[in-house]
Each structure stands twice: as C-alpha cells, then as structure tokens.
Amino acid sequence: MALLVQKYGGTSVGTTERIEAVAKKIKKFKDSGDDVVIVVSAMSGETNRLLSLSGSITEEPAGRELDVLLSTGEQVTIALLSMALNKISCPSKSYTGGQVRIQTDSAHTKARIVDIDTQKLQLDLASGFVVVVAGFQGVDIDGNLTTLGRGGSDTTAVALAAVLEAEECQIYTDVDGVYTTDPRVVDSARRMDEVTFEEMIEMASLGSKVLQIRAVEFAAKYNVPLRVLSSFKDGPGTLITIDRGNEMERVAFNRDEAKSTVVGVPDIPEIAS
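Laid out in structure tokens, this is it:
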C-alpha cells in the first residue's frame, strides 16, 4: 500500500470519455490497495475559452474577478471525475482549493501557496475515498479565490504530495516520460528512466515543456519524487528525484530558436563581422 498523488492535465481530461478512462485507471490503483489523491486541470481548451470570455468584456479585468472566472474550469473537472469514479463503485469526493483550504498569498493570477490544511483529506482517505482536488487554485487569508498561474496544477499536486508525505507525485500527461529531446521532432530521442531535479530544471529552462520549472523546484525543495507518465498508454515513465546512478546525454528542444550557418565568408577584417 502507498499514498500516491496523481495529477491529470487538460488533455487527459479533455472529454467526458477521457475522464471516464482516467476514472478506470484510478480505480485500478485503489483496488490494488493504494490511497490516492487526484489533482486535475481544467478540460483542454477551457481556460482559453474563459480568457476569451473575459476579453470580450474588458481588456483589463480586475485580478480578483479574473481568478473567480478562471477557477471554475477545474471545478467542472473535479465534479465530473468524482461522478465517473462513483459510477464505477469507487467512492470519491471532490474539493475546490478553497474547500481543502489551500491558502495562498493575495497575488491574483500568480499566487503562491502559503499553507495547506490536510485534515479533510486525511479523514476521507482513512474512510476509503479517492479525493479529487482542483489544481491551479486556492484562497487568500480573506477567503478570496486565487489562481497560481502557469503550471499551477503541477504545483498543487507537488504541494499536496509534500504535506501528505506521499510516496510519489505522478504527473500524467500526453507523453510517456521525459525524453532527451522532443520525440515529435527528433526520431532518435530516447525516453530516460530517471533524471535529477537539477537536470529537469535545466531542461525546463531550455525549452522542455513536460513540467513547469516552479513545480520541479518545489519538488526538489521538499524532496518529493516526481514521475512523468502517459494517460493514454502503460509504462514506467520517468522518475525525477535527487540522484541517479548513471549519466545520460540529453538535449532540450525549443521551437522558438534556430541555428544558421554562413559559409564562404572571406577571412578579411570587417568582412567576417
């Protein structure tokens, strides 16, 4: 038996069919004896839709009201996933960030987590429930809804894994691990079994979009083992932790950069420059 925190991104829960598939995957862990806390993002495209709605009203919305709007995306997903879990006889409860009491500072649209009250979660886990928590959001000391900014759901998952002392924080996405470079661009890219936090932070800074730097830094600070896995196929994924026993070459990929080589330039002062 283990306590696992699993995070499912927007593509993993992009349709009701995918949500039901995620529910079946979660039930397998529960049936094997694991306790599971789930963190979900909004359904794929939903945050952009909400931003578009906001933009149709005003180009400069108040941060407080924008957070109220954007936080609804994850609220839809947690309810649907809990419904799907209960439907297949896997008892589940859903919570918004405010209901859990994920307390943040008051920096709207880019809030930082200050504290998490785990009492409700621990009582539910002890009672056999799968707990589904909305990522990306919390509340400040005055009870105002806040959002955590880019990569916020990953950060929520890592923070919950830290305070609950979970065995692993598993990030489910549309790729089956961390590769030496983008496998969609370079056919010879290799999936790595393990990487260190430091290496993952460097890769993220160089263009790897598998995990946000903020979440990896949080995991490194509190020594939370991270594992990147695919929602759509089985496999061991990539473990991100403190140390690795072997060295492997890796190159991150950034679509916003290109290299040009100029040949045939005479080696004459001022011409080359």
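End of the sequence shown sits at 272 in numbering that gives the first Met the number 0; the numbers just go up one at a time, nothing left out. Glycine included, every Cβ here is placed at the ideal spot set by N, Cα and C. Note that the coordinates shown come from a computational prediction; the quantities given were computed from them, not determined experimentally.
- When secondary structure is reduced to three states using DSSP, GLY137 falls in the strand class.
- In chain order, GLU167, GLN169, GLY236, LEU238 place their CB closer than 6 Å to the CB of ARG226, counting only its own chain and leaving out the 5 sequence neighbours on each side.
- Under the DSSP assignment, LEU79 falls in the alpha helix (DSSP H) whose first and last residues are 71-86.
- GLN98 sits in a helix when the DSSP states are folded into three classes.
- Between the region 65-79 and the region 112-129, the count of C-beta pairs closer than 8 Å stays below three; the two stretches do not touch.
- Close CB contacts of PHE135 within its chain, under the 6 Å cut and outside five residues either way in sequence, are with GLU73, THR146, LEU147, GLY151, SER152 (chain order).
- Annotation: ARG48 to LEU124 spans about 34 Å, alpha carbon to alpha carbon.
- A direct Cα-to-Cα measurement between VAL99 and PHE28 gives close to 23 Å.
- Looking at the DSSP output, GLN169 sits in a beta bridge with GLN5, ARG226.
- Shown here, SER55 sits in a helix according to DSSP, grouped into three states.
- DSSP places LYS119 in the helix class (H, G or I) of the three-state scheme.
- Of the other Cβ atoms in all chains shown, 16 or more fall within 10 Å of the Cβ of ASP139; this residue is therefore buried.
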